[in-house]
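Here is the structure we will look at, set down as structure tokens.
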Amino acid sequence: MKSIFQFLVLIFSITLAAQDPTGSKVTQQAIEQRGAMKQASLVKNLTFTSIGPTVMSGRVADVAVNPNNVTEFYVGYASGGLWYTNNNGTSFTPVLDSAPTQNIGDIAVDWNTGTIWVGTGEKNSSRSSYAGIGVLKSTDSGETWEHVGLSDAHHVSRILINPNNAEEVIVGVIGHLYSSNSERGVFKTVDGGKTWVKSLFINNETGIIDVAFAPENFNIMYAASWERARKAWNFDGDGKHSAIYKSTDAGSSWVKIGVKSGFPVGNGVGRIGLAVYNEDTVYALHDSQFRRPKEIDEKQSNVLTKEDFKTMSATDLLEIADKKLNTYLKNNGFQEKYRAENVKQMVRVGAVKPIDLAKYLEDANSMLFDTQVIGAEVFKTIDGGASWKKTHAHFLDGVYSSYGYYFGEIRVDPRDENGIYVLGVPIIKSKDGGASFTSISKENVHSDHQALWVNPKKSGHLLSGNDGGLNLSYDDGQNWIKLNDPAVGQFYSVYADNQENYKVYGGLQDNGVWVADNDAKINKGWQQSGQNPYESIMGGDGMQVQVDDRNPNIVYTGYQFGNYYRIDRAGGTQEYIQPKHILGENPYRFNWQTPIHLSKHNQDILYLGGNKVHRSLNRGNDWETISGDLTTGGKKGNVAYGTLTSISESPFQFGLLYAGSDDGYIHVSKNGGGTWTRISDALPENLWVSRVVASKFKKERVYATLNGYRFDDFTPYIYVSEDYGQTWRNLGNALPAAAVNVLKEDSENENLLFVGTDNGLYTSLNLGNSWELFSNNFPNVAVHDLVIQPKAKELIVATHGRSLYKANIAPLQKMTKSVLSTSTHVFAIAAVRKNSSWGRSWSPWRKASTPEIKIPFYSKTDTKVAIGIYLGDLKVNAISIAANSGFNEAIFDVSFSEKGKKAFEKANKKSDLKAAKNGVFYLVKGKYTVKTSFSESEFEIK
């Protein structure tokens, strides 16, 4: 009876509504919990190594440059932290890694005192614009950080410091992205962040996207409000509450710019960016979501468009000339079987309707670009906002397209009232006050511009931040230098092939798919050789990768919305392999991150998920649909929704398949897609299924992770089932609040799990009953994907903000229950090859090459551990280390101690030990034993 009651309580607890936004108190508790876990973690000493790439960067949120020394500046990356340079971008140092988040909306620096302010939470409103924790402040150049308030802001747009009083600071807050909240608007402090006053508030759905002050008078300010509402299925980035406000008392009070000022008003007003030249002269960049007027083409083009078919009758279609219809079909990529003659026959018998020839082309990607809105437009006032005039007569085509919510920055040259810069897909400039524009994007400048600094003392000196990193120009954009030194890529996915020296593949936000050897050297050497170790193999937003185990040159990958290819890297060819719906059938819905899965049972078999599961038996050449719609059916909106997000096939049985969707459904098929059963009814509803994983250790076991990011719900939802999903057990209760993106089983130890969240990486040594936090050279960053290379015993981590990391997890694989109960345990130690270069330097001006051996061991408690190195019975050296409870690593320099050398020479009188050039006596070839009080292991010098 008791067990039945416990089961009912469990079922009730995991079926509760899961769409309430996470409160700021829970977020603060999560920060404290993470801090405690970091100190107590059994794996806090496991080292992670950044493996790049640096050649392709991530999205820049803001830059702050010292006006008195322009070679010194900070760069804030949207999800990659804050970086500092004092050598004009030749190198950078991360300064936010000790903080609880790496997500940045804006930065400001008081260069007189060195005080840094960071508004956390990206200002953009994209699919991966991560929330922050309010405002952080550092008075010691980033060594330590203090949280100074606005915990529930989520997304901060702007920070202004009074140049005459560093204690007086203005903060613009956009607020929650996926939910309503009241902590948004303009906030002001006059005591350095100890207290705040909300001086401008519109409503719970409207925040402040920009604030700017007159350079000569901090009292005169302008602020832009933005009404926006993002859901998993729709983004509405405009509204009647989007407007411009003015303050004449340093942000203490605000007045809305009048409705008859000439600046747009109404429901089509979108994001607004501001550039203040002086008290009276201001530029405003407006993302107008008002529809463009329909142009009347007097010539009435003879070319068919999809719009023609939306209102066409069957009779009208049958009268179209075959040649004209075929031109439409061919130009729009219809399959070969759809040509004029057979399409007309399908219409005659009623199998399809004319409108189907339009619907056939409409998917989430095309709909994104089809919407004809006015887009970017620039307005100017010369009377302090009393009146505004549009500066240009023509449309600024190509600057925004229909997704201006992603941009919105404008700058004016402080030395030239008519010199302005508009940031969008390209970066364009005007020297006549916005009447005309020219592009200053160049071949080494990435698209999608987010930040720009214009030197106030020297016109033409620019620092631009975009989705591909940072660029510097001294000639007003005629030429640019790329400053991509930090590894701050925003990865969606990672894959490791099965070669001996395996390759790592990864898909990046807006930066395609890249590949490199796992041991590639990430330094500036490639600038000398001309060959970066990372190679780009796909453009767009890089997505998932699968590699044929039989032939590592056959790679399956693609870009957003299910646009996948089969690439033959040896032959230099690629084939487009996306499944296509039948004419008359509703178009398939593909997720931004469409899942693919190459069967381990037969490497010719590929699965791909739209809203249905598709299977190819011949490497993507042909497809069969093996399920119905496995989602709730989608929702009306402008974001693809009702799509599959995860596919997994059991290694125990071909055709034992699992599929998860972005609207909370998980299905299982035990017969290769013949029938499907929904197994998610007992789980929280409507959440994004970030992973469903068929276990490699038990056929009946399956894992599921759900992600509430798109509801501002940061609860860690992790579940396991031991019966194909009929019942579930919650594994996430012990984790701090952070949405879960990925779960990975170990390749050898069934009790060892890895989980990546929106704010860090965890492992469990006991099948999810408790969790340990990784932190050694690994910041609090979003983790999107994980892969384990089983031969190398290495974990590769795809972060969305700090590129790729890897770590050797062989010791963790051996941290079994019995090992954890011992006082100390020394794990396997890698062999090392004797080298004549030990102790030598190839230049008298460089340090000598010195070897080292890493001795991994476990300690049950915090204690000092003595480690002896033995050659047979001879003790040749000894080291001591202050060990922490859990995993530790001692570094041994492979040398004789003085005492060990004498013992060795006494036992080997014919030996002729010679010191290396650096004076160190290194161990001879042989097998050595490493001993502690309770354990021992071996290593070999070959």
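Residue numbers for the sequence shown follow my numbering, so the first one is 963 and each next one is one higher.
Ideal Cβ placement from N, Cα and C applies to all residues, glycine included.
Computed from a predicted model, the values in this text were never measured in an experiment.
Item	Value
Taking the alpha-carbon of Ser1907 as reference, which of Gly1386, Gly1395, Ala1413, Ser1897 has the nearest alpha-carbon?	A query on residue 1907 cannot be resolved here, the shown segment of the chain reaching from 963 to 1904 and no further.
Which partner residues of Glu1108 appear in the DSSP bridge assignment?	Lys1099
So, with DSSP's three-state summary, where would you put Gln1452?	strand
Going by the beta-carbon positions, is the gap between Ser1204 and Glu1339 smaller than 9 Å?	no
Which residues share a DSSP beta bridge with Ser1561?	In the DSSP output, where bridge partners are listed per residue, Ser1561 has none listed.
Check whether the Cβ atoms of Asp1472 and Gly1502 lie closer than 9 Å to each other.	yes
Rank Gly1147, Leu1619, Gly1154, Thr1016 by C-alpha distance to the C-alpha of Val1131 and give the top, closest one.	Gly1154
Once the 5 residues before and after Asn1179 are set aside, which same chain residues still bring their CB inside 7 Å of it?	Glu1241
Taking the alpha helix (DSSP H) that Phe1271 falls in, what are its first and last residues?	1268 to 1272
Are there 16 or more other CB atoms within 10 angstroms of the CB of His1563, so buried, or fewer, so exposed?	exposed
Excluding five sequence neighbours on each side, which residues of the same chain lie with their C-beta closer than 8 Å to the C-beta of Asn1846?	Lys1006, Asn1007, Ser1821, Asp1824
Between which residues of its own chain and Glu1269 is the CB-CB distance below 8 Å, once the five residues before and five after are set aside?	Ala1320
Evaluate Gly1020 with the Cβ neighbour count: other Cβ atoms within 10 Å of its Cβ, from every protein chain shown; 16 or more gives buried, anything less gives exposed.	buried
Considering only the beta carbon of each residue, do Gly1670 and Thr984 sit closer than 9 Å?	yes
Please go through the same chain and pick out, in chain order, the residues whose beta-carbon is closer than 7 Å to the beta-carbon of Ala1844, but skip the five residues on each side of it.	Lys1826
Using the Cβ count rule (16 or more neighbours within 10 Å means buried), how would you classify Val1704?	buried
Would you call Glu1547 buried or exposed, if buried means 16 or more other Cβ atoms sit within 10 Å of its Cβ?	exposed
Within the chosen definition, does the segment 1026 to 1039 reach the segment 1087 to 1101 through at least 3 CB pairs nearer than 8 Å?	no
Sort out for me which residues DSSP pairs Ile1903 with in a bridge.	Val1794, Gly1888
Going residue by residue through the segment 1319 to 1370, where are the continuous beta strand (DSSP E) segments of at least 3 residues, counting only ones entirely within it?	1335 to 1343
In whole angstroms, what is the alpha-carbon distance linking Ile1382 and Ile1206?	19 Å
CB-CB under 6 Å to Phe1163, same chain, minus the five flanking residues each way: which ones, in chain order?	Gly1147
Can you tell me whether Glu1371 is buried or exposed? The criterion is at least 16 other CB atoms within 10 Å of its CB, across all chains shown.	buried
For the segment 1698 to 1718 against the segment 1651 to 1668, are there 3 or more C-beta pairs whose distance is under 8 Å?	yes
Tell me the rounded alpha-carbon separation between Ile1516 and Ile1013.	23 Å
Hey, out of Asp1459, His1117, Ile1443, whose CA is closest to Ser1425's CA?	Residue identity check: residue 1425 is Leu in the sequence provided, not Ser. Leu1425 has its Cα closest to that of Ile1443, out of Asp1459, His1117, Ile1443.
Which ranges does the alpha helix (DSSP H) cover as unbroken runs of at least 4 residues, wholly within the segment 1724 to 1783, from first to last along the chain?	1772 to 1775, 1779 to 1782
Assuming Leu1619 contacts Leu1606 under a Cβ cut-off of 8 Å, what Cβ separation, rounded to an integer in Å, is found between them?	So it is not a contact: roughly 11 Å between Cβ atoms.
So the candidates are Trp1195, Val1221, Gly1230; which of them puts its Cα closest to the Cα of Gly1201?	Gly1230
So what's Glu1260 in DSSP terms, helix, strand or just coil?	Low local confidence applies: a pLDDT of 41 at Glu1260 is under 50, so the model's placement there is unreliable, with the coordinate-based value given in what follows. Looking at Glu1260 - three-state DSSP - the assignment turns out to be coil, as it is neither helix nor strand.
Do the CB positions of Tyr1518 and Arg1528 come within less than 9 Å of each other?	yes
By Cβ distance below 6 Å, which residues in the same chain neighbour Lys1272 in space, the five residues on each side in sequence not counted?	Ile1317, Ala1320
Assess, as a yes-or-no matter, whether the segment 1874 to 1894 is touched by the segment 1805 to 1818 under the definition of 3 or more beta carbon pairs within less than 8 Å.	yes
Give me the residue from Glu1167, His1559, Val1630 with the minimum Cα distance to Ser1578.	His1559
So what's Glu1167 in DSSP terms, helix, strand or just coil?	coil
Around the Cβ of His1356, are there at least 16 other Cβ atoms within 10 angstroms (buried) or fewer (exposed)?	exposed
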